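Let me begin by presenting the structure, written as structure tokens, before commenting on it.
Residue numbers (my numbering): -1 to 201.
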């Protein structure tokens, strides 16, 4: 897969990605094949004086396309079962959320994916409008991980008096490493995240 990316061979890369997803499933393919390939290409870029930026972008684009092709149709909303996925403001790395979206959809969990660099006001509006069971916030770097934002979302409430609900907020990505954010969950890796959200949706 890395060799196909280095050759900029779109047809071969698409075939290899879809074969990996079919053989290992979305979670297994991401963990065992795609992430190691992305890391290998990243190391090549770092060790070559930043000569392979186009390869990294090419690979990421094709991974995103393969995830969309492999994912089933959108799951209809179920009250209190939806998961909101968003990158924090200033964060544009969406691939990890794209695979999470596909894996949750595959398991029949309704998802609303908002992608990269969602502004604070838009995130708050999306949470209020969907009343989700969970909100997953991705931060690739510590400079974008906003602890006050995560805590604010975790403290949001809706519903009638006596039956108010709040979302479970998951802080995902390396940007949240270090001190845990009070009132939020930090699952380890894709499989743990999917398991936590699957359990929440089934309650």
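Glycine is no exception: its CB is placed at the ideal position from the N, C-alpha and C atoms.
It should be emphasised that the depicted structure is a prediction, and the values quoted were computed from it without experimental measurement.
For residue 55 and residue 179, the rounded distance between their alpha carbons: Distance between the alpha carbons of residue 179 and residue 55: 32 Å.
Rounded to whole angstroms, what's the CA-CA distance from residue 197 to residue 107? Just pull it up for me. Our two residues, residue 197 and residue 107, have alpha carbons roughly 10 Å apart in a direct line.
Buried or exposed: residue 191, going by 16 or more other Cβ atoms within 10 Å of its Cβ? Here residue 191 is buried. Its C-beta has 16 or more other C-beta atoms within 10 Å.
Roughly how many whole angstroms lie between the Cα atoms of residue 12 and residue 158? Each residue's Cα considered, the two are about 49 Å apart.
So who's on the other strand from residue 116, going by DSSP bridges? Answer by DSSP bridge pairing: none, since residue 116 is not bridged.
Could you give the DSSP three-state label for residue 219: helix, strand or coil? Because the chain here runs from -1 to 201, residue 219 falls outside it and cannot be looked at.
Residue 59, buried or exposed, once every other Cβ within 10 Å from all chains shown has been counted against 16: By the 10 Å Cβ count, residue 59 comes out exposed.
Less than 7 Å between the beta carbons of residue 39 and residue 0, yes or no? For the pair residue 39 and residue 0, the CB atoms are nearer than the 7 Å cut-off.
Do you know how far the Cα of residue 51 is from the Cα of residue 122? For residue 122 and residue 51, the distance between alpha carbons rounds to 34 Å.
Might you give, ordered along the chain, the residues of its own chain that have their beta carbon closer than 7 Å to the beta carbon of residue 88, omitting 5 neighbours on each side? Only 115 and 142 meet the Cβ criterion.
Length-filtered (4 minimum) alpha helix (DSSP H) runs lying within the region 41 to 82: Here the runs fully enclosed are 51 to 68.
Output needed for residue 165: all residues of its chain with C-beta closer than 6 Å, excluding positions within five of it in sequence on either side, in chain order. Short of 6 Å from the beta carbon of residue 165, and not among the five residues preceding or following it, lie these beta carbons of its own chain, in chain order: 130, 132 and 133.
Give me the Cα-Cα distance between residue 29 and residue 71, rounded to the nearest whole angstrom. Inter-residue distance for residue 29 and residue 71 is about 23 Å (C-alpha atoms, whole angstroms).
Could I get the ranges of all uninterrupted alpha helix (DSSP H) runs contained in the region 107 to 153, with 4 residues as the minimum, in chain order? Listed in chain order, the alpha helix (DSSP H) runs fully inside the region 107 to 153 are 118 to 128 and 145 to 153, counting runs of at least 4 residues.
Please report how far the alpha carbon of residue 26 lies from the alpha carbon of residue 172, in whole angstroms. Cα-Cα distance, rounded: 20 Å.
Backbone secondary structure at residue 159 - three-state DSSP: Here residue 159 carries a coil assignment [DSSP, helix/strand/coil].
Assuming the contact rule is C-beta atoms closer than 8 Å, residue 128 and residue 110 should be a hit. Round their C-beta distance to whole Å, please. Contact between residue 128 and residue 110 holds, since their C-beta atoms are separated by about 6 Å, short of 8 Å.
Quick one, which of 148, 77 and 119 has its alpha-carbon nearest residue 169's? The shortest C-alpha separation from residue 169 is found at 148.
By the three-class DSSP mapping on this structure, what secondary structure does residue 35 have? Of the three classes helix, strand and coil, the one that applies to residue 35 here is helix, per DSSP.
How would you label residue 98, buried or exposed, when you count the other beta carbons within 10 angstroms and need 16 or more for buried? Buried, by the Cβ-count rule.
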